[in-house]
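Structure record follows, encoded as structure tokens.
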Amino acid sequence: MVSSNVLTCVPDDYSLYFPPCNLTLLLHPDTSCTNISVVLGPHACSLATLTLKECLGPTNMSSSLLWTSVSLLPASSRLCITTAQLTWILLAPGEMVAVALYDYEAIHDGDLTFKKGDRLKILEESGEWWRAKLTSTGDEGYIPCNYVAKDTLETEEWFFKGISRKDAERQLSAPGNVLGSFMIRDSETTKGSYSLSVRDSPTGDTVKHYKIRTLDNGGFYISPRITFGTLQELVSHYKQSSDGLCQTLTKACLNPKPEKPWEKDAWEIPRSSLKLEKKLGAGQFGEVWMGEKHLRHTKVAVKTMKPGSMSVEAFMAEANLMKSLQHDKLVRLNAVVTKEEPIYIITEFMEKGSLLDFLKSDEGNRVQLPKLIDFSAQTAEGMAYIEQRNYIHRDLRAANILVNKALVCKIADFGLARIIEDNEYTAREGAKFPIKWTAPEAINYGSFTIKSDVWSFGILLTEIISYGRTPYPGMTNPEVIRALEKGYRMQKLDSCPPELYKIMMECWKNKPEDRPTFDYLQSVLEDFFTATESQYQQQP
7 MVSSNVLTCV
17 PDDYSLYFPP
27 CNLTLLLHPD
37 TSCTNISVVL
47 GPHACSLATL
57 TLKECLGPTN
67 MSSSLLWTSV
77 SLLPASSRLC
87 ITTAQLTWIL
97 LAPGEMVAVA
107 LYDYEAIHDG
117 DLTFKKGDRL
127 KILEESGEWW
137 RAKLTSTGDE
147 GYIPCNYVAK
157 DTLETEEWFF
167 KGISRKDAER
177 QLSAPGNVLG
187 SFMIRDSETT
197 KGSYSLSVRD
207 SPTGDTVKHY
217 KIRTLDNGGF
227 YISPRITFGT
237 LQELVSHYKQ
247 SSDGLCQTLT
257 KACLNPKPEK
267 PWEKDAWEIP
277 RSSLKLEKKL
287 GAGQFGEVWM
297 GEKHLRHTKV
307 AVKTMKPGSM
317 SVEAFMAEAN
327 LMKSLQHDKL
337 VRLNAVVTKE
347 EPIYIITEFM
357 EKGSLLDFLK
367 SDEGNRVQLP
377 KLIDFSAQTA
387 EGMAYIEQRN
397 YIHRDLRAAN
407 ILVNKALVCK
417 IADFGLARII
427 EDNEYTAREG
437 AKFPIKWTAP
447 EAINYGSFTI
457 KSDVWSFGIL
467 LTEIISYGRT
477 PYPGMTNPEV
487 IRALEKGYRM
497 QKLDSCPPEL
507 YKIMMECWKN
517 KPEDRPTFDY
527 LQSVLEDFFT
537 ATESQYQQQP
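Going by the numbering used here, the sequence shown opens with residue 7, and the numbers climb by one from there.
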């Protein structure tokens, strides 16, 4: 097996540190230096074999300029290589090589096929599709950026980059993981540091977190009793023994293959490129279908808008803004069909349908309180992003939250309510106007703000805790309006924890400015069950 490493080139000499092995140099075409110094560690018993190989194209470095020297250095923990052969790729300053995390089969003209573990020189980073060259063959093409990793640490199956503590708990609790399943992730609080998250129960109810602290010399430790030169060494140790952790580490947390990004520059697409396969339902704006994009063989959701329900110009202006909102807890807008009516909106496909329908299903009815609170926290996270971007949803309710097979909630239809041209929907007397979710100032004065979304979120919480019950049961829309004018608020359900009802009441404060932010709601709901205990385990 060949172990590949990347060395960023410096202007003059290269110094390569390695134990006895065969060394192959993969030279960049612009490589220019007068010598390469091969330095062997203290346990070297023979000079390594050095081979010059033109792999990335012609090089202006001739073998006559190549010479080797041998030095004995103190043992270094920086590099622990035991393979029979080692490949270095020499790069010019600023260049980067990524490692493939998954197999990818080209499906569009210009794509590049590669296998997990392949190394790709990145030629251009642009959006979600990068232009790259396969170092083993020299082939060039576009690759999905979420299928490769730049940092060597990211290639470890147990390393999860940019994941929050709460999402770590969600992923480790997912089916397929076992007692002792684990991940190492970036610290949310300390830049450049890491945290270890471990599943501590067979059912996934408990996940423990440990801060990984750094030494001045670059090492790592959880307990000061024992330190490690690398995170790999730390993982190896705790796989042998729990040594004070809640569990011995067993296997890396499952990390499903990500969805391929949508085609490069495929925003307005031909209607003929879509195949509508199954009608999923009809909503306020039109019908929703499960479909397939030709060639991609990927399921998508297609929302067909009722003819005349909106102007194409207004829709395109809003859709371009909606497309710029990219977040894990927002349904992704992929493409549109607008050349003729009905307008199509193509989004990612969410297998479980709306949160409202899921809560009413047999599967949803079996969900326990912690997961209901988690649904609330996920929605608050998505709305916190919308809040941060100074955007407004205008129609936040369980019917507009979608659920995927991993029980991840994503907000849908954000922004559409503003451009609907339908008096039944836009006028407060209209039969389609969502009175029961709408804040008083929005009902009375048409004043929609992020704070009116907060009011709607409080109503959404009642839907979640009641498994999809319609708000204000037994009351008509006019009765709700009159009751709100008199200060009425829905009563607490027996199944609703007092702490959750308190959050609802904060969302329903009469003055919009007195209502909480979504950022606050996210933090409170994420820590709903852990507010009184330390989030991180202490090590002796």
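Glycine is no exception: its CB is placed at the ideal position from the N, C-alpha and C atoms. Note that this is a predicted model, so its numbers are computed, not measured.
Distance, residue j Cα to residue i Cα
i      : j      : result
Lys492 : Gly292 : 35 Å
Glu265 : Leu118 : 17 Å
Phe321 : Ser142 : 46 Å
Ile449 : Thr455 : 12 Å
Pro313 : Ile349 : 8 Å
Arg607 : Glu298 : What is shown of the chain runs 7 to 546, which leaves residue 607 out entirely.
Pro440 : Gln332 : 26 Å
Glu146 : Leu140 : 6 Å
Arg191 : Ser203 : 8 Å
Trp443 : Asn396 : 21 Å
Leu408 : Ser382 : 12 Å
Val154 : Pro479 : 51 Å
Leu527 : Trp461 : 12 Å
Val597 : Phe188 : In the structure as shown, the chain starts at 7 and stops at 546, and residue 597 therefore has no counterpart that could be examined.
Val184 : Ser330 : 37 Å
Leu260 : Glu160 : 14 Å
Glu512 : Pro522 : 7 Å
Lys358 : Gly370 : 10 Å
Arg219 : Lys197 : 12 Å
Glu182 : Thr482 : Correcting the residue identity first, residue 182 is Gly in this sequence and not Glu. The straight-line gap from Cα to Cα measures roughly 46 Å.
Gln384 : Arg277 : 33 Å
Gly210 : Leu361 : 22 Å
Identified DSSP bridge partners for residue i
i      : result
Asp192 : Tyr200
Ala258 : Phe188
Lys312 : DSSP output for Lys312 lists no bridge partner at all.
Tyr350 : Thr310 and Val343
Val409 : Gly359 and Cys415
Glu324 : Answer is none; Glu324 lacks a bridge partner.
DSSP state of residue i mapped onto helix, strand, coil
i      : result
Ser360 : strand
Cys415 : strand
Phe463 : helix
Ser170 : coil
Val105 : strand
Ala307 : strand
Pro150 : strand
Ala341 : strand
Phe534 : coil
Phe524 : helix
Arg600 : This structure gives no information on residue 600, because the portion of the chain shown stretches from 7 to 546.
Leu221 : coil
Lys214 : strand
Glu293 : strand
Thr161 : helix
Lys263 : coil
Ala288 : strand
Arg403 : coil
Ala155 : strand
Leu331 : coil
Lys299 : strand
Asp36  : Low confidence applies here, because Asp36 scores a pLDDT of 42, under 50, leaving its location unreliable; read the following figure in that light. Coil at Asp36, not helix or strand.
Phe234 : strand
Lys515 : coil
Gln251 : The amino acid at residue 251 is misidentified as Gln; the sequence shows Leu. Three-state DSSP puts Leu251 in coil, outside helix and strand.
Tyr451 : helix
Own chain partners of residue i with C-beta closer than 8 Å, once the 5 adjacent residues on each side are dropped
i      : result
Lys284 : Trp295 and Met296
Glu274 : Ala341, Val342, Val343, Thr344 and Lys345
Lys366 : Tyr473 and Gly474
Pro504 : Lys498
Asp249 : Ser229, Ile232 and His243
Close-in-space but distant-in-sequence residues of the same chain around residue i (CB under 6 Å, 5 per side omitted)
i      : result
Met510 : Gly464 and Leu467
Lys172 : Glu532
Leu255 : Gly186, Phe188, Tyr244 and Lys245
Lys5   : Here the chain covers residues 7 to 546 and nothing more, so residue 5 does not appear.
Ile470 : Leu378, Phe381 and Ser382
Phe535 : none
Pro477 : Lys442, Ile465 and Thr468
Ile128 : Met102, Ala104, Trp136 and Ala138
Val530 : none
Gln177 : Cys259
Chain-order list of residues whose beta-carbon lies under 7 Å from that of residue i (same chain, five-residue window excluded)
i      : result
Glu111 : Thr119
Ser70  : Low local confidence applies: a pLDDT of 32 at Ser70 is under 50, so the model's placement there is unreliable, with the coordinate-based value given in what follows. Closer than 7 Å at Cβ, skipping near neighbours: no residue.
Lys305 : Met296, Glu298 and Phe355
Chain B within 8 Å of residue i, Cβ atoms only
i      : result
Gln374 : The structure shown contains no chain B, having only a single protein chain.
- What runs of the beta strand (DSSP E), each 3 residues or longer, lie entirely inside the region 108-149? 125-132 and 135-140
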